[in-house]
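Here's the structure we're looking at; comments come further down.
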Amino acid sequence: MPKRIAVVGAGIIGLSQACELQKKFPDAEITIVAGEFSPDLTSDIAAGFWHPYLLGESIPPETLKRWLGATFSYILGYARSHPTHGAMIISGYEFLRKAVPRPEFADFFLQFRELPADEILAVRGTKAYPAEQGWFYTTVFLETGLHMRYLLKKFRQNGGIIQKRILESLDDLGNKYDAIVNCSGLGAIKLVGDKTVHPIRGQVIRVKCPTIKHFYLDDEMYILPNSETTVLGGTAEKDDWDLSVRPATAKWIFEENAKRMPALREAEIVSHRVGLRPGRHSPRVELENRMVAGKMTPVIHNYGHGGSGVTLFQGCAIDGVELVGKALESQRSPTSKL
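Right, dumping it as structure tokens:
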């Protein structure tokens with residue numbers, strides 16, 4: 369009888385996890401259970417920029433490096449071979465109020481250089497706060513909406529099952545699954561009682577401004593072009609559950625970004641969006657044996673990625689697959705020795 373695995377959540381974390389499970393366990397019956405699917409998710413609102421952000425502070429360095437590297441390589445591979453699935457290579461500028469050492473994650477960039485003071489001034493101008501340091505680098509970008517729809521289609525084509533329903537607890541899944549992978553983001557507060565998870569509210573604007581070719585970010589704002597629109601951000605408001613667009617915040621985002629990029633004053637505003645990032649002191653990627661609907665069941669957690677879901681998803685999915693494999697292996701009946 370094939371193994372049955374449930375994946376709870378259908379954001380970029382859940383979909384990538386489900387597809388990786390299909391690759392590793394092609395004979396398993398894998399079901400995604402979620403209350404919402406793209407385009408109604410926080411992952412759809414994400415800017416899609418590969419860059420550690422709001423990540424928490426307690427990830428072991430080697431683990432973080434592995435997650436970062438796997439995800440960067442994954443997006444880069446799609447950018448080079450399947451760009452219609454939302455991946456692209458992009459270059460641009462980052463400015464910092466105070467100088468810092470070269471970040472370790474810069475090792476993954478396709479190129480990276482420090483900007484001299486005269487170039488910082490020439491690019492940045494004088495309307496925003498002075499920047500002590502500037503970088504120009506080439507990284508990758510993923511339009512999450514496009515890529516999630518691609519992953520969902522691939523998952524279905526490979527025999528995956530979809531259940532659209534809201535869970536009040538993991539017990540709602542029943543006791544038929546051999547393993548459950550919890551990719552519920554903020555839902556982990558309710559589903560597994562994790563009180564360390566908290567919302568980080570993000571409000572952004574999408575505009576059409578075809579003259580912008582490079583990304584531009586600093587300690588406060590970001591301008592991130594993709595294939596059809598440019599994302600202007602943004603906010604990071606901890607413990608704020610408000611999903612409504614705040615006009616005053618929208619005005620501030622636009623005006624501050626226009627100071628940095630005057631071409632935005634000619635841009636067409638396409639939409640205002642708000643999403644809630646699943647903040648935590650560290651992403652939780654681990655195995656827990658937990659009573660679910662009266663049955664002790666391995667629950668593999670993969671949530672709490674803050675503002676770095678797009679930066680970590682593939683690395684975390686690979687680790688999640690390994691944990692599922694260990695859980696299923698432990699369920700095998702011991703063989704007798706003759």
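Under the numbering used here, read the sequence shown as residues 369 to 706, first letter to last.
Positions of the beta carbon are idealized from the N, C-alpha and C atoms, including for glycine.
With 16 other CB atoms within 10 Å as the buried threshold, where does residue i fall?
i	result
L478	exposed
Q525	exposed
D587	exposed
A474	exposed
H566	buried
T703	Low local confidence applies: a pLDDT of 49 at T703 is under 50, so the model's placement there is unreliable, with the coordinate-based value given in what follows. The residue is exposed, with fewer than 16 neighbouring Cβ atoms inside 10 Å.
T665	buried
Y584	buried
P651	buried
G527	exposed
Y497	exposed
R470	exposed
With DSSP as the reference, label residue i as helix, strand or coil.
i	result
Y545	coil
L592	strand
K563	coil
L706	Here the model assigns L706 a pLDDT of 40, short of 50, so the residue's position is not dependable and the matter cannot be decided.
A386	helix
Q682	helix
E697	helix
K371	coil
By alpha-carbon positions, which one of the options ends up nearest to residue i?
i	options	result
K427	H673, G527 and L696	According to the sequence displayed, residue 427 carries Ile and not Lys. When each option's Cα is compared against that of I427, the closest is H673.
G555	N670, E654, P370 and R470	N670
S612	M516, A374, V549 and Q571	Q571
H649	G662, A626 and S676	S676
P646	I621, R569, F583 and D610	R569
F440	E536, A661, T506 and Q699	T506
E624	V638, D610 and T494	T494
I488	G513, R470 and E462	E462
K558	D687, T579 and E536	E536
A485	A467, A402 and E472	A467
D395	K521, M369 and L444	M369
L389	E690, Q699 and S698	E690
Per DSSP, residue i forms a beta bridge with which residues?
i	result
M664	M659
H669	N550 and E654
G677	Answer by DSSP bridge pairing: none, since G677 is not bridged.
Q571	V642
V376	V401 and N550
Every unbroken beta strand (DSSP E) within the region 575-657, with a cutoff of 3 residues, ordered by chain: Here the runs fully enclosed are 583-585, 590-593, 598-601 and 636-647.
At 4 residues or longer, what runs of the alpha helix (DSSP H) sit wholly inside the region 397-472? As for any alpha helix (DSSP H) of minimum length 4 sitting wholly inside the region 397-472, the runs are 410-413 and 429-449, ordered along the chain.
Can you list the alpha helix (DSSP H) stretches of 4 or more residues lying completely in the region 460-538, in chain order? As far as the region 460-538 is concerned, its whole alpha helix (DSSP H) runs of at least 4 residues are 485-492 and 512-525.
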